[in-house]
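Residue numbers for the sequence shown follow this note's numbering, so the first one is 548 and each next one is one higher.
We put the CB at the ideal spot given by N, CA and C, even for glycine.
Computed from a predicted model, the values in this text were never measured in an experiment.
A quick write-up on the structure given underneath.
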Amino acid sequence: FPRIFVCLTLATPALSWTSSHGHLRLTGGAARPLPADATVRAERSRQLMHNNGDVSYTISMVVGNQTIEAVPDTGSFDLLVFSSLCKFGCGNPKFLYNRTQSLNFEHGQNYQEHSFGSGKTMSYEAYDAVRAGNLWSKRQLFWEVYSADMPILIDLNFQAILGLGPPSSSIEIAVQDAWEVKEELDSLAGATSLSAGQTRLATHYYEIADLAKKARSVAASFQLQSFSICLGRSVGSPGIIVWHDLHPEERPVNVFKTVPLKGGLFWSAQLENVALGALPSGQDDSKTSLGCSDVACTAVLDSGTSLIVAPQQAVAQVNEALTKWRALSGNCTDLSTLPHLEFEMGGSLFRLPPESYVGDLSGDVSKLDPDVRRFLLHLQSPNQTRLSALQGGRDVETLFDACTPMLMVMDQDPSRPPQWI
Numbered sequence: 548f549p550r551i552f553v554c555l556t557l558a559t560p561a562l563s564w565t566s567s568h569g570h571l572r573l574t575g576g577a578a579r580p581l582p583a584d585a586t587v588r589a590e591r592s593r594q595l596m597h598n599n600g601d602v603s604y605t606i607s608m609v610v611g612n613q614t615i616e617a618v619p620d621t622g623s624f625d626l627l628v629f630s631s632l633c634k635f636g637c638g639n640p641k642f643l644y645n646r647t648q649s650l651n652f653e654h655g656q657n658y659q660e661h662s663f664g665s666g667k668t669m670s671y672e673a674y675d676a677v678r679a680g681n682l683w684s685k686r687q688l689f690w691e692v693y694s695a696d697m698p699i700l701i702d703l704n705f706q707a708i709l710g711l712g713p714p715s716s717s718i719e720i721a722v723q724d725a726w727e728v729k730e731e732l733d734s735l736a737g738a739t740s741l742s743a744g745q746t747r748l749a750t751h752y753y754e755i756a757d758l759a760k761k762a763r764s765v766a767a768s769f770q771l772q773s774f775s776i777c778l779g780r781s782v783g784s785p786g787i788i789v790w791h792d793l794h795p796e797e798r799p800v801n802v803f804k805t806v807p808l809k810g811g812l813f814w815s816a817q818l819e820n821v822a823l824g825a826l827p828s829g830q831d832d833s834k835t836s837l838g839c840s841d842v843a844c845t846a847v848l849d850s851g852t853s854l855i856v857a858p859q860q861a862v863a864q865v866n867e868a869l870t871k872w873r874a875l876s877g878n879c880t881d882l883s884t885l886p887h888l889e890f891e892m893g894g895s896l897f898r899l900p901p902e903s904y905v906g907d908l909s910g911d912v913s914k915l916d917p918d919v920r921r922f923l924l925h926l927q928s929p930n931q932t933r934l935s936a937l938q939g940g941r942d943v944e945t946l947f948d949a950c951t952p953m954l955m956v957m958d959q960d961p962s963r964p965p966q967w968i
């Protein structure tokens, strides 16, 4: 296994972030008792995570009797499996889960929409035997995806998303959605009678909330008390997921930093003093604040997100810094003259190199998925060259060359602290 660079450790009832110097903890609810129809092995074990172009990591899972690749995602809560029922937008059809090849498949009565930073899916409630490493569940609830709007699936080879977020959050979200629908329909009922469609919609959300209360997450079915997600230091190197890893309190002292987590729907910590550090050249030792100084922000620890997600103002400031850097002949062939991205969590300073927030995007985009092409061609980059070509009598941008911030913008709720991922 590669030399470890950073680890994210989840412990029930605590979550811990472990780096080469530190870990985080969050008090939370304990896992539910394991029912009789599920069997697991609770020994500590390691499972290889495959590196997909330094964009995502996947682990091999068995659903039914079919081996698929799944993204271990601490930022979501359910197991989604992309199915052969999906005829477009779910990736290579020959790798998708096929319910007809399983002896244990059961279909449920509900459907559900899931939203991610990379798109949306529509799924059916389903049950099958599930195994990851030496952990398994004989009858596990999962969502069988029959429709997806996720351009990332075109180029990345995974067929499932394994949600490893706080198990209770799926219940909270389902109940919250049902309550919001109820309030909206109650407000309409005073002015007009509800249509059959509106009544069915309300019933659907109530049923999803009821299912969430009764169902077992994969973590609960596996009796998962703790796990670690560890990434290799080198570019392109694999990672490791450690099931039933040591609790942070059992680790050697003075090896990791401890950062208290805030709780809520996601594994999150208080984030302070985000900034671009001083220039490595020493010509200017001042820092560029990116926020979270006067008001503390929230940092969501999400193993399923490839890029840093930040408020609009912070992304604009990074763009401005890159504009000045380009004026001094900076380019993506050498990022060593750019400052590190610095931030504080739990009173400890963390620093990420320029490669974590700047990247070089180039090539012919004409053959890419339209959604991906629109995303690339509308990046606001200070060092961007676009070339045009005539196609069908129209002037169409086909080539893209940009040394650009690798940051995604998040819509912020003004009533809540600014959020980063």
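Cβ-Cβ distance between residue i and residue j below 8 Å
i: Glu-691; j: Ala-676; result: no
i: Ile-615; j: Gln-745; result: no
i: Gly-666; j: Asp-696; result: yes
i: Ser-773; j: Ile-788; result: no
i: Pro-952; j: Val-905; result: yes
i: Asn-878; j: Cys-950; result: yes
i: Asn-681; j: Glu-796; result: no
i: Ala-749; j: Leu-732; result: yes
i: Tyr-693; j: Leu-632; result: yes
i: Ser-768; j: Gln-687; result: yes
i: Val-856; j: Gly-664; result: yes
i: Val-602; j: Ser-853; result: yes
i: Pro-886; j: Ala-843; result: no
i: Thr-884; j: Ser-828; result: yes
Where the alpha helix (DSSP H) containing residue i begins and where it ends
i: Asn-645; result: From DSSP, Asn-645 is part of no alpha helix (DSSP H); its letter is neither H nor E.
i: His-887; result: Neither: His-887 is in no alpha helix (DSSP H) and is coded neither H nor E.
i: Trp-872; result: 859 to 874
Status (buried if at least 16 other CB within 10 Å, exposed otherwise) for residue i
i: Arg-572; result: Summary for Arg-572: the model assigns pLDDT 30, below 50, so the residue's position carries little reliability, and this model does not support an answer.
i: His-925; result: Here the model assigns His-925 a pLDDT of 47, short of 50, so the residue's position is not dependable, and the following value carries that caveat. Exposed, because fewer than 16 other Cβ atoms sit within 10 Å of the Cβ of His-925.
i: Pro-635; result: Reading off the sequence, residue 635 comes out as Phe, not Pro. The residue in question, Phe-635, is exposed, as its Cβ has fewer than 16 Cβ neighbours within 10 Å.
i: Ser-764; result: buried
i: Arg-963; result: exposed
i: Asn-598; result: buried
i: Lys-804; result: buried
i: Arg-678; result: buried
i: Ser-630; result: buried
i: Ser-716; result: buried
i: Ser-670; result: buried
i: Ser-662; result: exposed
i: Gln-648; result: exposed
i: Ala-583; result: A caution first: Ala-583 carries a pLDDT of 46, below 50, which makes its placement in the model too unreliable to give a value.
i: Arg-747; result: exposed
i: Val-806; result: buried
i: Thr-880; result: exposed
i: Pro-640; result: exposed
i: Gly-611; result: buried
i: Ala-874; result: exposed
i: Pro-799; result: exposed
i: Ile-968; result: buried
i: Asp-958; result: exposed
i: Leu-643; result: buried
i: Ala-766; result: buried
i: Ala-743; result: exposed
i: Pro-965; result: buried
i: Leu-869; result: buried
Endpoints, beta strand (DSSP E) assigned at residue i
i: Arg-591; result: Element bounds for Arg-591: n/a, residue is neither H nor E.
i: Ala-707; result: 707 to 710
i: Gly-877; result: Neither: Gly-877 is in no beta strand (DSSP E) and is coded neither H nor E.
i: Ser-1055; result: Residue 1055 cannot be examined here, being either before or after the span of the chain that is shown, 548 to 968.
i: Ala-846; result: 844 to 847
i: Leu-954; result: 954 to 956
i: Thr-605; result: 603 to 610
i: Gln-959; result: Run containing Gln-959: none; DSSP gives neither H nor E here.
i: Asp-1051; result: An answer regarding residue 1051 cannot be provided, because it is not within the stretch 548 to 968 covered by the chain.
i: Phe-629; result: 626 to 629
i: Ser-662; result: 653 to 663
i: Ser-836; result: 835 to 838
i: Leu-899; result: 895 to 899
i: Ile-615; result: 613 to 620
_beta strand (DSSP E) runs wholly inside the stretch 742 to 830, at least 3 long, in chain order_ = 773 to 779, 786 to 790, 805 to 807 and 815 to 823
*For the stretch 837 to 857 against the stretch 809 to 827, are there 3 or more C-beta pairs whose distance is under 8 Å?*
yes
*Pairing CB atoms from the stretch 754 to 762 with CB atoms from the stretch 717 to 729, are three or more of them under 8 Å?*
yes
*Spell out a yes or no on whether the stretch 820 to 827 and the stretch 878 to 897 are touching, meaning 3 or more CB-CB pairs, one atom from each, closer than 8 Å.*
yes
*asked:* Below 8 Å, how does it come out for the stretch 593 to 607 and the stretch 783 to 802: are there three or more Cβ pairs, yes or no?
replied: yes
*Indicate whether the contact test is met: 3 or more Cβ pairs, each with one atom in the stretch 619 to 629 and one in the stretch 710 to 717, closer than 8 Å.*
yes
*Taking 8 Å as the threshold, find out whether the stretch 854 to 866 comes into contact with the stretch 826 to 843 through three or more Cβ pairs.*
yes
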